[in-house]
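With positions in the sequence shown counted from 1, the corresponding number in my numbering is that position plus 45. Note that beta-carbon positions come from the ideal geometry of N, C-alpha and C, so glycine has one too. On a predicted model such as this, the values are computed, not experimentally measured, just so you know.
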Amino acid sequence: MHHSHAHQASRLQLNGEGRLRHFLSTEGLSRELLTELLDRADSFLDGSGGIRNVPLLAGRTVMNLFFEPSTRTRTTFEVAAKRLSADVLNIDISKSSTSKGETLRDMLWNLEAMTADIFVVRHGASGAAHFIASQVTPDIAVINAGDGRHAHPTQAMLDMLTIRRHAGEFSGLTVAIIGDIRHSRVARSEIHALQTLGAREVRVIGPRTLLPRDFEELGVKVFEDMAAGLAGVDVAIALRIQNERMESALLPGSSEFYARYGLTRERLKVASPNVLVMHPGPINRGVEIESEVADGPHSLILKQVNYGIAVRMAVLSMAMEGQDADQARRQQEAAQ
Ligand code: CP
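Following this line, the structure appears as C-alpha cells:
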C-alpha cells in the first residue's frame, strides 16, 4: 500500500479523538492503540483456558457478512459477539438477493434498516472493507474479516496476542513468516503489526515467485533458503498456499513446495530451542507444514483460534465505543 492509501485508511478507521471506530487494517495504527487492544483481549481471558462473558454490547446487533468461505473467523466473531451479549446475524451471502442482481450498496442500506450496529465483512476484493466503511451511515462500525490479499487485521492481532503471551516482549523477538507471502493478507497485516509493536526482526521466507514485490518498502528481511531464514528464529509462522489467488502457475507443485519450504521437525532444528510454531489455518498437512510439527509441542495453532475470540471481543467493543463517542459528539453539536 502506498503512503497516501495508508493515511486514508487510518483516517477512516479512527475518530476525531484518535479512537478506533472501524477496524480495517493494522497499518497506520499506533503502538499504543495496538497494545491497548491486546491488553483488553487479555482481560477477557479467564486464565484457565476460558473466555469471560462481558456484556459491553448488550442490545447491539452484529451482522456477519462473509462473501468468502470461513471456518475460524466467522465462528469466533459469532462467539465473541455473544460473549459481549450482542445479537448476532449470519447473513448467508450465497443465499442472499445479491444473486438476483441487488448491488452491494443497496444490500448494505437494507441491512442498516434492520438496525445493524456492526458489520463484520469478509470479501475477495482487496479494499472491500474500506469501501463499505466509506458507504455506511456514521453509526455503523465496520470490521475487516479479510479482504482479498490486502489485510486480515483481527488475524494479525490474535497472532500478536499469541506471541506476546507465549514469547514475551516483541523487542526481543525474531519472527519468520513462511511460504505464500505475496497472496497473504495475513502476512501483510502481521508485518505491519510486528513492526509497530517493535519486533527485533521480521523475516519472510519463500520462493521468489511468492514473495511480495514491495518487501523493501515493508522493511522485512527476505530469504529464499529455509535454513538461513529459520536460523535462530523465536517464532515461525507458516502460511497456506493460496491457490485461489494465483493468477498463473507460480508454483512448481505442492510436493516441490514441501520439499523446499515445508515446516518440518528437521528444518526447525536451526531455530531457537523454544521456537513457537503458528499457522492461521486452514492448514494443509504435508504441503506447508509437517503433521508432527502442527500437532507437536511447539505448536500454538489451536491456541491462536481460542485467543481469536478474546481479540475479536476487544475489536468489537473498542470500535463500538469509538462509534458511540462520535455519535455523542454529533448529537451535542446538533443541539448547539
Ligand atoms: N485464519 C482464517 O481466517 O481462517 P478462516 O478462513 O477459516 O476464517
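So is the beta-carbon of residue i under 7 Å away from any non-hydrogen atom of the ligand CP?
i      : result
Gly224 : no
Thr116 : yes
Pro100 : no
Gly169 : no
Gln200 : yes
His197 : yes
Gly191 : yes
Pro318 : no
Gly326 : yes
Arg383 : No statement about residue 383 is possible, as the shown extent of the chain runs from 46 to 381 and does not include it.
Hey, quick one: how far does the alpha helix (DSSP H) through residue i stretch, first residue to last?
i      : result
Gly367 : Ile346 to Ala380
Thr207 : Pro198 to Ala212
Asp151 : Leu149 to Ala158
Ile136 : Careful: Ile136 lies outside any alpha helix (DSSP H), inside the beta strand (DSSP E) at Asp132 to Ile136.
Thr309 : Run containing Thr309: none; DSSP gives neither H nor E here.
Thr118 : Arg117 to Arg128
Gly274 : Met271 to Leu275
Ile236 : Arg230 to Thr241
Phe260 : Phe260 to Leu263
Ala339 : Ser336 to Ala339
Residue i to residue j, Cα distance in whole Å?
i      : j      : result
Gln377 : Gly61  : 14 Å
Met271 : Met323 : 16 Å
Leu65  : Ala281 : 30 Å
Met46  : Gly251 : Because Met46 carries a pLDDT of 42, less than 50, the predicted location of this residue cannot be relied on, and no value is offered for it.
Asp371 : Leu83  : 23 Å
Val220 : Ile163 : 33 Å
Ser234 : His195 : 8 Å
Ala359 : Arg375 : 24 Å
Arg56  : Gly172 : 15 Å
Met363 : Ala170 : 25 Å
His175 : Asp184 : 15 Å
His48  : Thr182 : Summary for His48: the model assigns pLDDT 47, below 50, so the residue's position carries little reliability, and this model does not support an answer.
Where do the ends of the beta strand (DSSP E) carrying residue i lie?
i      : result
Val165 : Ile163 to His168
Phe176 : Premise fails: Phe176 lies in the alpha helix (DSSP H), Ala173 to Gln180, not in any beta strand (DSSP E).
Asp87  : Premise fails: Asp87 lies in the alpha helix (DSSP H), Arg76 to Phe89, not in any beta strand (DSSP E).
Leu266 : Inspection of the sequence shows that residue 266 is occupied by Lys rather than by Leu. Here the beta strand (DSSP E) through Lys266 covers Lys266 to Phe268.
Val247 : Glu246 to Ile250
Ala316 : Ala316 -> no beta strand (DSSP E), and no H or E assigned at all.
Ala221 : Thr219 to Ile223
Touch check for the segment 136-154 and the segment 197-204: three-plus C-beta pairs under 8 Å?
no
Using a Cβ distance threshold of 8 Å, determine whether the segment 345-355 contacts the segment 90-100, with at least three qualifying pairs required.
yes
Quick test of the definition: if touching needs 3 or more C-beta pairs under 8 Å, does the segment 236-249 touch the segment 71-80?
yes
Does the structure place the segment 323-343 close enough to the segment 94-101 that three or more beta carbon pairs sit under 8 Å?
no
Three or more C-beta pairs closer than 8 Å, one from the segment 310-318 and one from the segment 264-278: is that the case here?
yes
Determine, using beta-carbon pairs with one atom in the segment 130-137 and one in the segment 186-194, whether at least three such pairs fall under 8 Å.
no
Should the segment 96-110 be regarded as contacting the segment 214-231, the criterion being three or more beta carbon pairs within less than 8 Å?
no
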